[in-house]
Amino acid sequence: MSIDFTAMYAAHDAFRRDLERLARAVDDGRAHTPGVRAGWENFKHQLHIHHTAEDSDLWPRTRQRLAGRPRDLALLDDMEAEHSRIDPLLAAVDTALAERTPELPDLVRALTATLDDHLKHEEDAALPLMQDVLTAADWAAFTGRMREVQGLRGAAVFVPWIVDGAPAPDRSAFLAAMPPPVRILNRLFWEGSYRRQGFWGAT
């Protein structure tokens, strides 16, 4: 049985989208407005949960399936090393936003390039490897751990954040992968609440 990576790809797309919004806000001189700062804080929160779950659960789970395969194990080392290179850039953008330094545009570009390189590397190499070695039960355990960390309060932001501005086919594919109660809650409550928070200056 193949693993459905729909939610993983959707999260990656949402990270890329948010950094595009940050870059536009910087170019437009809006980087210090409350909506942009709220969007940035949510981006950092979602990325932290995503990468922490990978480091603490997904990569170790995959390593267990790769005994005696040094080349594939080296790929997982690369994934963890790439995470460690992203963290200082997040901190640097944080500082530049707080202090309104002129380096902010360059730092946002550096963060965007570094994160995008990592996401593409993961999509091109790590996800196919996981498809090859993980079982559906392995993946269900990982996604279950993610749901535990998010909790219901976190899901109320995560789900509408994922589909915010997504093309209709991508939105439909992501929501179709969610349990029916999640789709109902998102439609009736979560999306409206999410929009009212005004991330990135949206209303």
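Reading the sequence shown from the start, the letters are residues 1 to 203 in full-length UniProt numbering.
Every residue, glycine too, gets a C-beta built ideally from N, C-alpha and C.
Being a predicted model, the structure only gives us computed values, none of them experimental.
Inspect the beta-carbon positions of W139 and V36 and report whether they are closer than 8 Å. Here the question's residue 139 lines up with position 139 in the sequence shown. Here the question's residue 36 lines up with position 36 in the sequence shown. No.
Work out the CA separation of L185 and P179 for me, nearest whole Å. Residue 179 sits at position 179 when you count from the first residue of the sequence shown. Residue 185 sits at position 185 when you count from the first residue of the sequence shown. Distance between the alpha carbons of P179 and L185 is about 10 Å.
Counting only runs that start and end within the UniProt domain "Hemerythrin-like" (7-129), where is the alpha helix (DSSP H) found for 4 or more residues in a row? 34-53, 59-64, 70-99 and 104-121
Looking only at its own chain, which residues have a Cβ that is under 7 Å from the Cβ of Q131, when we skip the five neighbours before and after it? In the sequence shown, counting from the first residue as 1, residue 131 sits at position 131. The residues are S2 and I3.
Around the Cβ of L188, are there at least 16 other Cβ atoms within 10 angstroms (buried) or fewer (exposed)? Locating residue 188 in the sequence shown gives position 188, where the first residue counts as 1. Looking at its Cβ environment, which holds fewer than 16 other Cβ atoms inside 10 Å, L188 is exposed.
Given E54, which residues of its chain have a CB within under 8 Å of its CB, disregarding the five upstream and five downstream residues? Position 54 of the sequence shown, counting from 1, holds the residue named residue 54. Result list for E54: M79 and H83, in chain order.
Where do the ends of the alpha helix (DSSP H) carrying A168 lie? Counting from one through the sequence shown, the residue named residue 168 turns up at place 168. Looking at the DSSP string, the run of the alpha helix (DSSP H) that includes A168 is A168 to A176.
CA nearest to the CA of D72, picked from H48, D170, Q150 and A125: As a position in the sequence shown, residue 72 is number 72, starting the count at 1. Ranking the options by Cα distance to D72, first place goes to A125.
Here's a check: name, in chain order, each residue in its chain whose Cβ is nearer than 6 Å to the Cβ of A25, leaving out the five neighbours to either side. The count along the sequence shown starts at 1 and reaches residue 25 at position 25. Contacts found: A31 and V36.
Helix or strand or just coil, what does DSSP make of L185? Here the question's residue 185 lines up with position 185 in the sequence shown. Note: L185 maps to helix in three-state DSSP.
I need the DSSP call for G151, collapsed to helix, strand or coil. The residue labelled residue 151 in the question sits at position 151 within the sequence shown. Reduced to three states, the DSSP call for G151 is helix.
Give the straight-line distance between the Cα atoms of D164 and L134, rounded to the nearest whole angstrom. The residue you call residue 164 lines up with position 164 of the sequence shown. The residue you call residue 134 lines up with position 134 of the sequence shown. Their backbone Cα atoms lie some 30 Å apart in a straight line.
Leaving out five residues before and five after F142 in sequence, what residues of the same chain have Cβ atoms less than 6 Å from its Cβ? Translated into positions along the sequence shown, residue 142 becomes position 142. Excluding sequence neighbours, F142 sits near D57 and L58.
Thinking residue 207 and Y194 are a contact (beta carbons under 8 Å), I'd like their distance in whole angstroms, please. Residue coverage of the chain in this structure runs from 1 to 203, which leaves residue 207 outside it and unanswerable.
Can you give the Cα-Cα distance for R63 and T52, rounded to whole angstroms? What you label residue 63 is simply residue 63 of the sequence shown in a count that begins at 1. What you label residue 52 is simply residue 52 of the sequence shown in a count that begins at 1. Spanning the two alpha carbons is a distance of roughly 16 Å.
Extent of the continuous alpha helix (DSSP H) to which G192 belongs: For this step, residue 192 is matched to residue 192 along the sequence shown. Looking at the DSSP string, the run of the alpha helix (DSSP H) that includes G192 is E191 to R196.
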